Amino acid sequence: MITNRHLYMTVGGLMSATLLAVMPLAATADGQAPFAVEKGWAPPVGDEPHGRFLIDRLEYAAGDDEDSVNLEFKGWYGGDYNRIWIEGEAEDVVSGGSGGAIENLDLLYGRLISPYWSVQAGVGYQLEYGPGPDPDRGYAVLGLQGLAPYWFEVDTNLRLSEDGDAWADFEAEYDFLLTQRLVLQPRFGTMVAFDEVEEFGVGQGINNVKLGLRLRYEIKREFAPYVGVSWNKKLGDTADMAEAEGEDTGDFRVLAGVRMWF
Amino acid sequence: MDQYETLTGKGHSRRRFLRNVTSMSVLAALYGYGGVSPALAWPQVGNHEAERLEDGDTDIFNLVIDRTPMKIDGKPANPITVNGTVPGPAIRMREGRNVRIRVQNKLDEWTSIHWHGILLPFQMDGVPGVTFEGIPPKDTFEYYYPLKQAGTYWYHSHSGLQEQLGHYGPLIVEPAEPEPFDYDRDYVIMLSDWTFEDPHDVFRNLKVAEGYYNYQKRTVEDLLEDIQKKGWSQTMRERAMWGEMRMSSRDLLDVTGSTYTYLVNGRSPNDNWTGLFKPGEKIRLRVINGSAMSFFDVSVPGLKMTVVQVDGQNVEPVPVDEFRIGVAETYDVIVEPDDQQAYTIFAEAMDRSGFAAGTLATEVGLTAEIPEPRSIPSRGMEAMGMDMSNMDMGGMDMGNGGMEMGDQSGGMDMGGQSSGMQGDQAMNGQTSHAGMAMNNDDPAKGGMNMAMDSKGGKAPWPLADRDISHGPDDHGPGAAMVARSPGNRLNDPGIGLKSTPEHKVLVYDDLKALAPWPDPREPEREIELHLTGNMERYMWSFDGEKFSEVDGPIQFHHGERLRLILVNDTMMDHPIHLHGMWMELENQHGDLRPRKHTISVKPGEMVSARITADAPGHWAFHCHLLYHMKAGMFRVVSVA
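Top to bottom, those sequences are chains B and E.
Going by my numbering, 1313 is the number at position 130 of the first sequence; the sequence numbering is gapless.
Going by my numbering, 384 is the number at position 125 of the second sequence; the sequence numbering is gapless.
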């Protein structure tokens, strides 16, 4: 499925290099060794790194024409200020068609710049597969992630591909507590491209609007099954390109899945 | 340390005579370090004390630290024990004598014992990394120090998170001179919080998932209730304020009854610890909060409690119906039941997520009613460090004064915007001190002081005119907010409590020492420290810097008289503990300041204490919430 071995290796190399470069920084938690009253004594309170791997969405999405399995995850490791992030989003069509996509697979270094915000920088990889050609590309990412006022969880990224194409995405979600364990989560996402990239079906300007509504039940904090709906609407040039290919521009799905973390 | 080692050179012979301290020492022997696992933590009735051996002017105790499988609340647990129990045995020392404590570490990890509230040579203070290296696995350490004080204290591990695992116990120092109150019998009431989870998992949960243990967050139901009660616009204004700050008004305790079993003397409410009395007796309850993370509201429904000591120090007796005890504080109260009935000793967690309970009764097996849980309080505006005096005048504008969020960077941040709050509506939740801003006798910076002066003879608050000068970014990413106008809350019993003539709740302003303390000097120097935190990443610090970020100690000059000013820039209550030296809390009683080892600072509050820096050496200074300390809210104070 990988059509560009060379690219694959380049991205892989870049990722490993970034990882090697920032890992020690993240692992020493916050950079500096605490002062010691006596040499050789362990500090009275330590500052160990932590980590968490969150599978935000692992869901079966049933649509009019096709069904897919979707995955979105976010993992981090590090201290309070410096962290390594690995984030990804993928979709695999399981019924009514074939193919799928790794929408993004990012390896990032994140730095806390204010109480609720961290900047992230790193590299990523994107792949579409299925009928027809399997285009893929590597890119550099610069992101801002955090908690906006009114408790909106926000993640936004600017990406620049190896071919010089740039695009930005924005995602926000909110947790509405119906009860202490039953949580209604609306989501909003959009993508804006600065350059047209035909092989990925990307038109210039606003590409799409994605809306989601998921109702989860936290059996425990770490494990929450959910049901929901999503609606994905392609816009502008992107919509035109899809129509020219004979695709729908709107995609409504009913979801069932699980959110969990380790 | 040399002088103390010289004194210890008398050998380790055991030909001392055993002295039975109380009738309970028979039980103590049963539960001693013979390796027998007791079925339960402490006996159901009475207290459990350690053997005290004597050698001339020295009292000797032997303590063994080990893991001991036992049942807590009927479920299997594997706590760290001292001489086989949780809590460890009560240790009765005597003022004016020396004490030698041999601590044997049977654990596979390092350990330590810190003598909380005891003034001693710093090498004996028992803080690994600050005063000694710690007690290695399978090794022993001998503590030796003179006792120059009396009262109720406690001891606990200062290593890692061992305190959460049961490594704590009561410490009583019998006075050399008679105390200024009398009683017929005394009981230790040691409150604590037990979890069946590994404390490291608890810490990780707090670190990686904000609000993990909070199952009392505001829901849609609360919102609808508020709209019904307060109207749409008022409710929306309140929600907007909390929303802008990204704070929860229901963030009261980080670790809650969702994982904790609250204990009295190691026993859950089901295991009902009982203290026996004869009607008409005066009973002294030595209440110690040995919790890792829990503030309790303590009452004995049906009985007035007279507070006679706080943190081991005599105070002018105050009759109360209830008092809040911060983590690591001690309160000695006297109750006088004069009938045959049983009484519940009730200690409700501050966030109402659970309670500890025991019984006072004339015979074993009697119980009294357990009070109904109270509704969950929500924090009000005072927690944000609002200047409440403005509100009294009815002209409050939150956009200009009020709180500031530390986060001003990033294009998406709307933190600095005005919330549009106007007028004199109270922002308090339904059950919290709703009248706080409005009551004339409630604390408000400035206004309060005048009121006190006019009531005659009350000492002015030393911080009344203090300008807390920090901008929104002063403490960096480690501090999610700053209290813009922190105020005097010494007369405020705290979140969820209200003092009324029918139900008197103790406040810090009630505490009055019996006589002035030895050092009459005015402070020569002031040290201002801000209590700071970032809930999202569970970072806790002083002045925005975690312990791992500071490059040296806080310097006290030997012999100087200091004023320590603590400003709480967070939404949580913090019990701040200074080792080795007293803090004389500056309240309304002038020279008759209460002396404390641990001062609880409420959100948005500013307090001050006088300190005589008379104890050379290195001392720990930290928030006594175990996971706050672990997360970095810790400093070393060097006196030289």
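The beta carbon of each residue, even a glycine, is placed where N, CA and C say it ideally should be.
Note that the coordinates shown come from a computational prediction; the quantities given were computed from them, not determined experimentally.
Taking 8 angstroms as the cut-off, the beta carbon of E581(E) is found closer than this to the beta carbon of V557(E). Across the structure, L884(E) and V1392(B) are spaced so that their CA atoms are roughly 46 angstroms apart. Using a CB distance cut-off of 8 angstroms, A1225(B) counts as an interface residue toward chain E. In the three-state reduction of the DSSP assignment, M840(E) falls in the coil class. Taking each of T1339(B), W1444(B), A1407(B), V1385(B) in turn and checking the Cα distance to E1426(B), the smallest one comes out for V1385(B). Counting along the chain, T518(E) sits inside no beta strand (DSSP E), nor does DSSP assign it H or E at all.
Take the alpha-carbon of K757(E) and the one of V764(E): they are about 7 angstroms apart. Cβ contact annotation for E781(E) (same chain, cutoff 8 angstroms, sequence separation greater than five): R820, in chain order. Its chain contains L749, N750, N846, Q847 as the residues whose beta carbon lies nearer than 6 angstroms to that of D768(E), once the 5 sequence neighbours on both sides are disregarded; these appear in chain order. DSSP places G1395(B) in the strand class (E or B) of the three-state scheme. Put simply, of R1436(B), G1440(B), F1383(B) the residue whose alpha carbon is nearest the alpha carbon of D1248(B) is R1436(B).
Inside the stretch 361-385 of chain E, DSSP marks whole beta strand (DSSP E) runs of 3 or more residues at positions 373-375, from first to last along the chain. The C-beta of H877(E) comes closer than 8 angstroms to at least one C-beta of chain B. In this structure, G1283(B) places its C-beta atom within 8 angstroms of the C-beta atom of D1275(B).
When the beta-carbon positions are compared, V559(E) and I604(E) come within less than 8 angstroms of each other. Under the three-state reduction of DSSP output, A1244(B) falls in the strand class.
Taking a C-beta distance under 8 angstroms as the contact criterion, P348(E) and N337(E) do not qualify as a contact pair. Here the alpha carbon of T454(E) sits roughly 34 angstroms from the alpha carbon of A868(E). Think of a sphere of 8 angstroms around the beta carbon of L1360(B): the chain E residues whose beta carbon falls inside it are K476, R477, T478, V479, in chain order. I1267(B) has its alpha-carbon roughly 28 angstroms from the corresponding atom of A1219(B). Against chain E, a Cβ distance below 7 angstroms from D1263(B) picks out R796, M798. For Y471(E), the CB contacts under 8 angstroms within the same chain, skipping 5 residues up- and downstream, are N464, L465 in chain order. D828(E) is positioned such that its CB atom lies closer than 8 angstroms to that of V741(E). Nearest CB-CB separation between D1230(B) and chain E: below the 8 angstroms threshold.
By the C-beta density criterion, A899(E) is exposed, having fewer than 16 other C-beta atoms within 10 angstroms. Looking at the DSSP output, I331(E) bridges to K334(E). The criterion of a C-beta distance shorter than 8 angstroms is not satisfied by I835(E) and E785(E). Nearest C-alpha to L1394(B) among I1402(B), G1411(B), G1279(B), V1375(B): G1411(B). For L619(E), the pairing in a beta bridge is given by DSSP as G534(E), Y602(E).
For A1427(B), the enclosing alpha helix (DSSP H) starts and ends at 1419-1427. With its beta carbon less than 8 angstroms from one in chain E, P1332(B) belongs to the interface.
Q599(E) sits exposed, since fewer than 16 C-beta atoms from the chains shown fall within 10 Å of its C-beta. According to the DSSP assignment, N464(E) belongs to the alpha helix (DSSP H) that extends over 458-467. Taken in chain order, the whole beta strand (DSSP E) runs of length 3 or more contained in the stretch 1225-1306 of chain B are 1233-1246, 1250-1261, 1265-1278, 1283-1297.
For the pair T317(E) and R361(E), the Cα-to-Cα distance works out to about 13 angstroms. Only residues of its own chain outside the window of five on either side were considered, and among them W453 have a CB closer than 6 angstroms to the CB of I331(E), listed in chain order.
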